[in-house]
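Undergrad: Mind having a look at this structure? Questions to follow.
Listed below in structure tokens is the structure:
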């Protein structure tokens, strides 16, 4: 069992506070990636996988559907990000 160390944030130097903030930001990004992958897996699985998986592989049409589902999701997200960046740039 790991022992937890308690640190008083008020005693951290500005550089340490910045490092800690960066670590927390990185961890939050990891969580967001995991949540996105989980959501995308659920959506594309529900849409594309219709039957039992009998041979440890997907049927050709299921695999194609899943790949297309992920690709369309990525395309849509990139389009949204690009649009938001253009809005931010025009302000």
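Residue numbers (the UniProt record's numbering): 1 to 91.
Beta carbons are placed, not taken as given, at the ideal position from N, Cα and C, and that holds for glycine.
(1) In this structure, how does DSSP classify residue 23 when only helix, strand and coil are distinguished?
(2) Which two residues bound the contiguous alpha helix (DSSP H) that contains residue 54?
(3) Could you give the C-beta distance for residue 73 and residue 24, rounded to a whole number, given that I count them as a contact under 8 angstroms?
(4) Cβ of residue 49 within 8 angstroms of Cβ of residue 62?
TA: This is what the structure holds:
(1) The residue you call residue 23 lines up with position 23 of the chain shown. Secondary structure of residue 23 (DSSP, three-state): helix.
(2) The count along the chain shown starts at 1 and reaches residue 54 at position 54. Note, residue 54: premise wrong, no alpha helix (DSSP H); not H, not E.
(3) If you number the chain shown from 1, residue 73 lands on position 73. If you number the chain shown from 1, residue 24 lands on position 24. Here residue 73 is actually not in contact with residue 24; their C-beta atoms are around 27 angstroms apart, not less than 8 angstroms.
(4) In the chain shown, residue 49 corresponds to position 49, counting from 1. In the chain shown, residue 62 corresponds to position 62, counting from 1. Their beta carbons are under 8 angstroms apart, which means residue 49 touches residue 62 by this criterion.
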